[in-house]
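Asks: Supplied in structure tokens, the structure appears directly below.
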């Protein structure tokens, strides 16, 4: 089969490789139809983040089941499905406590993630296990289906931050994940504002009827408003900015990441103002909710 392999941190190459082999009784083989390009993939290709050389990348994928193992119960050939790339072991302590996103039974005592530390979905075929595959509704487009994984990420962060209707949320950065987060939060009755420095991203967000302003205009706008209940950093290096605009008792959510970014925490300020910093990690069983949300 054909696949896109990471040859170094800045080069994907179309390669010929063997078809994946389905060994587990609960194995599922999928003919990949679409595989989304994540911001993490772009960061690796640009050299801003490291990636494991030789790995087939890709982790946001939909496709059609072409084969199933004898132990598969709920899936069958021909089903349209979406792939959960986070392949938790199911037997380690976190997994037994229903914290599968904190699995330590995989590579390097961590979570096995397709397209990150094992072969992913930038390929014609992909093999996984039944518990990492979810059926898509017949009337859901492939384009909508490939958004299930990103929406699951967003739902996890919303859950961990306990964001509620009526709260005001500032989102630093207005890339794809930020825009999706705004749409999801707005459907929950949450007031959102996003900032960016990229004119195209600002204009695109506004074209979707979302509130997006230039980052330089935030200070002026805040002269007439209360600080925010929640600030979400989708950029990965904006904790200092977040701390300036978060209200007392607020929550700062770390969504994006920058491996080179470091922040000196002003402990007294955070303590006196009861400000929480939340890092949600990977999603945890959020795919069914994400699918239902995308049906609406």
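Residue numbers (our numbering): 46 to 341. Here a beta-carbon is modelled for each residue, glycine too, at the ideal position from N, C-alpha and C.
Would you kindly report the start and end of the unbroken alpha helix (DSSP H) that includes residue 199?
Replies: Unbroken alpha helix (DSSP H) run through residue 199: 193-206.
Asks: Could you tell me if residue 52 is buried or exposed, where buried requires 16 or more neighbouring beta carbons within 10 angstroms of its beta carbon?
Replies: Residue 52 should be labelled exposed.
Asks: Beta strand (DSSP E) containing residue 145: first to last residue?
Replies: Where residue 145 is concerned, there is no enclosing beta strand (DSSP E), given that its DSSP letter is neither H nor E.
Asks: Hey, out of 99, 48 and 231, whose CA is closest to residue 79's CA?
Replies: Ranking 99, 48 and 231 by Cα distance to residue 79 puts 48 first.
Asks: Secondary structure at residue 124, three-state DSSP: helix, strand or coil?
Replies: DSSP places residue 124 in coil when its eight states are reduced to three.
Asks: What does residue 259 pair with, by DSSP beta-bridge criteria?
Replies: According to DSSP, which records beta bridges pairwise, residue 259 is partnered with 241.
Asks: Are there 16 or more other CB atoms within 10 angstroms of the CB of residue 153, so buried, or fewer, so exposed?
Replies: When all chains shown are included, residue 153 counts as exposed.
Asks: Can residue 173 be considered in contact with the ligand ADP, in the sense that its beta carbon sits closer than 7 Å to one or more heavy atoms?
Replies: Questions concerning the ligand ADP fall outside what the structure shown contains, since it holds no ligand whatsoever.
Asks: For residue 70, which of 231, 174, 283 and 293 has the nearest alpha-carbon?
Replies: The shortest Cα separation from residue 70 among 231, 174, 283 and 293 belongs to 174.
Asks: Taking the alpha helix (DSSP H) that residue 286 belongs to, which residues open and close that run?
Replies: Per DSSP, residue 286 belongs to the alpha helix (DSSP H) from 284-290.
Asks: DSSP three-state label for residue 190, please.
Replies: In the structure shown, residue 190 sits in a helix (DSSP, three-state: H, G or I).
Asks: For residue 331 and residue 322, what's the separation of their Cα atoms in angstroms?
Replies: Between residue 331 and residue 322, the C-alpha separation is close to 22 Å.
Asks: Taking the alpha-carbon positions, what's the residue 123 to residue 179 distance?
Replies: If I take the Cα positions, the gap works out to 13 Å.
Asks: Taking DSSP as the reference, what is the three-state secondary structure of residue 153?
Replies: Of the three classes helix, strand and coil, the one that applies to residue 153 here is helix, per DSSP.
Asks: Just to confirm, is the Cβ distance from residue 130 to residue 158 under 8 Å?
Replies: For residue 130 and residue 158, yes; Cβs fall inside 8 Å.
Asks: Taking only runs of the beta strand (DSSP E) that begin and end inside the region 50-114, which ones reach a length of at least 3 residues, in chain order?
Replies: Runs of the beta strand (DSSP E) inside the region 50-114: 56-61, 72-81 and 105-113.
Asks: Should residue 182 go down as buried or exposed, given a rule of 16 or more other Cβ atoms within 10 Å for buried?
Replies: So residue 182 ends up on the exposed side.
Asks: With residue 280 and residue 291 assumed to form a contact (beta carbons below 8 Å), what rounded beta-carbon distance in angstroms separates them?
Replies: Incorrect: roughly 15 Å between the Cβ atoms, too far for contact.
Asks: Give the range of the beta strand (DSSP E) segment to which residue 179 is assigned.
Replies: Counting along the chain, the beta strand (DSSP E) containing residue 179 begins and ends at 178-180.
Asks: Sorted by chain position, which residues of the same chain lie with C-beta nearer than 6 Å to residue 201's C-beta, five sequence neighbours on each side aside?
Replies: Here the set comprises 325, 328 and 331.
Asks: Could you tell me whether the region 107-116 touches the region 131-139, where touching means 3 or more Cβ pairs closer than 8 Å?
Replies: Touching, no, given that fewer than three Cβ pairs across the two stretches are closer than 8 Å.
Asks: Give the straight-line distance between the Cα atoms of residue 57 and residue 50, rounded to the nearest whole angstrom.
Replies: Approximately 5 Å between the Cα atoms of the pair.
Asks: For residue 103 versus residue 190, is the C-beta spacing smaller than 8 Å?
Replies: The answer is no: Cβ separation not under 8 Å.
Asks: What span of residues does the alpha helix (DSSP H) with residue 315 cover, start to end?
Replies: Where residue 315 is concerned, the enclosing alpha helix (DSSP H) stretches over 312-317.
Asks: Whose C-beta lies closer than 7 Å to the C-beta of residue 261 among residues of the same chain, with five residues either side of it excluded?
Replies: Nothing listed; no residue qualifies.
Asks: Based on the DSSP output, what are the partners of residue 173 in its beta bridges?
Replies: Bridge partners of residue 173: 73.
Asks: Let me know if residue 64 comes out buried or exposed under the rule of 16 or more other beta-carbons within 10 Å of its beta-carbon.
Replies: With fewer than 16 Cβ atoms within 10 Å of its Cβ, residue 64 is classed as exposed.
Asks: Considering only the alpha carbon of each residue, which of 217, 88 and 267 lies closest to residue 246?
Replies: Looking at the Cα atoms, 217 is the closest of the given residues.
Asks: For residue 193, count neighbouring C-beta atoms within 10 Å of its own C-beta (all shown protein chains included) and say buried if the count is 16 or more, exposed if not.
Replies: Buried.
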